[in-house]
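Participant:
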Amino acid sequence: MAIVSKAKFETLYKADEIAAIWSAGQNLAVIDHPQHGLISPNRYRAMYKLKPCPYCGQKMAQDKTFHSTSSKPEAIKRGYEYLDKLGNKIINQISGTYFHPNYITLDHKTNKARCPEKMFDYDNLQIMCWRCNHNKGDDNTFELQHTCDRTDALANEALERYQLL
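For reference, each letter of the sequence shown is one residue, going -13 to 151 in my numbering.
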């Protein structure tokens, strides 16, 4: 039996390279949308401005001018801080800019670090607010769990509203 060195198990793709590719593609027409043809990730997000997040139902925000700040105290003052599902205080942030919790994000159903070739694949992308994206993390069962929770809530509401015969 051959011995495999630990070096063979290193990450195939470097996170900083994946982040750089994703960042560089934000304004490029790289997503083949079935109704709109080739569009950029930023255009894809813009199509959902002020629409409800499919998971929490909150209206999603998109304009950086009004829904972000470079000041952490200002972000807290604006109400950007929230508790995640584990009870930790969170403020969404990238490169020193703090964002509204319902800021529109493009989530990868299969993590782009695991399958970088699907990074701009329409079928691997879904719109959701930043808070839901944070709560989802790398959990590929998030959508299924959310669907089950909604079904349970609907069933409970029906049982409360309509008495059994």
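Just so you know, even glycine gets a beta-carbon here, dropped at the ideal spot from N, CA and C.
What is the DSSP secondary structure of residue 54, reduced to helix, strand or coil?
Facilitator: If you number the sequence shown from 1, residue 54 lands on position 68. It is a strand residue.
Participant: Tell me which residue opens and which closes the alpha helix (DSSP H) that residue 107 is part of.
Facilitator: For the purposes of this step, residue 107 is taken as the residue at position 121 of the sequence shown. Going by DSSP, residue 107 is part of no alpha helix (DSSP H) at all; its letter is neither H nor E.
Participant: Below 8 Å on the Cβ atoms is my guess for residue 30 versus residue 54; work out the distance and round it to an integer in Å.
Facilitator: Here residue 30 is taken as the residue at index 44 of the sequence shown, counted from 1. Here residue 54 is taken as the residue at index 68 of the sequence shown, counted from 1. In fact, because the Cβ distance is near 19 Å, the residues do not count as touching under 8 Å.
Participant: Quick one: what does DSSP say residue 63 is sitting in, helix, strand or coil?
Facilitator: The residue labelled residue 63 in the question sits at position 77 within the sequence shown. Helix.
Participant: Report yes or no: do the region 36 to 44 and the region 5 to 25 share at least 3 C-beta pairs separated by less than 8 Å?
Facilitator: no
Participant: Decide yes or no for the touch test of the region 97 to 116 against the region 57 to 72: beta carbon pairs closer than 8 Å, at least 3 of them.
Facilitator: no
Participant: To the nearest angstrom, how far is it from the Cα of residue 61 to the Cα of residue 75?
Facilitator: The count along the sequence shown starts at 1 and reaches residue 61 at position 75. The count along the sequence shown starts at 1 and reaches residue 75 at position 89. If you take the alpha carbons of residue 61 and residue 75, they lie about 13 Å apart.
Participant: Quick check on DSSP: helix, strand or coil for residue 121?
Facilitator: Translated into the one-based positions of the sequence shown, residue 121 becomes position 135. DSSP places residue 121 in helix when its eight states are reduced to three.
Participant: Identify, in the order they occur along the chain, each residue of the same chain with its Cβ nearer than 7 Å to the Cβ of residue 137, setting aside the five sequence neighbours on each side.
Facilitator: Stepping through the sequence shown from its first residue, residue 137 is reached at position 151. Nothing listed; no residue qualifies.
Participant: Please state whether DSSP places residue 47 in a helix, a strand or coil.
Facilitator: By one-based count along the sequence shown, residue 47 stands at place 61. Of the three classes helix, strand and coil, the one that applies to residue 47 here is strand, per DSSP.
Participant: Considering residue 84, what are the terminal residues of the beta strand (DSSP E) in which it resides?
Facilitator: In the sequence shown, residue 84 corresponds to position 98, counting from 1. Here the beta strand (DSSP E) through residue 84 covers 83 to 85.
Participant: Excluding five sequence neighbours on each side, which residues of the same chain lie with their C-beta closer than 7 Å to the C-beta of residue 119?
Facilitator: Within the sequence shown, residue 119 is the residue found at index 133, counting from 1. Once the five neighbours on either side are set aside, the close Cβ partners of residue 119 are 91 and 93.
Participant: Please name the residue in 108, 107, 115 and 72 whose C-alpha comes closest to that of residue 78.
Facilitator: Against the sequence shown, residue 78 aligns to sequence position 92. Cα-wise, what sits closest to residue 78 is 115.
Participant: Give me the Cα-Cα distance between residue 64 and residue 86, rounded to the nearest whole angstrom.
Facilitator: Residue 64 sits at position 78 when you count from the first residue of the sequence shown. Residue 86 sits at position 100 when you count from the first residue of the sequence shown. Whole-angstrom Cα-Cα distance: 8 Å.
Participant: Just confirm the distance between the C-beta atoms of residue 47 and residue 89, as a whole number of angstroms; I'd bet it's less than 8 Å.
Facilitator: What you label residue 47 is simply residue 61 of the sequence shown in a count that begins at 1. What you label residue 89 is simply residue 103 of the sequence shown in a count that begins at 1. That pair is a contact at about 5 Å.
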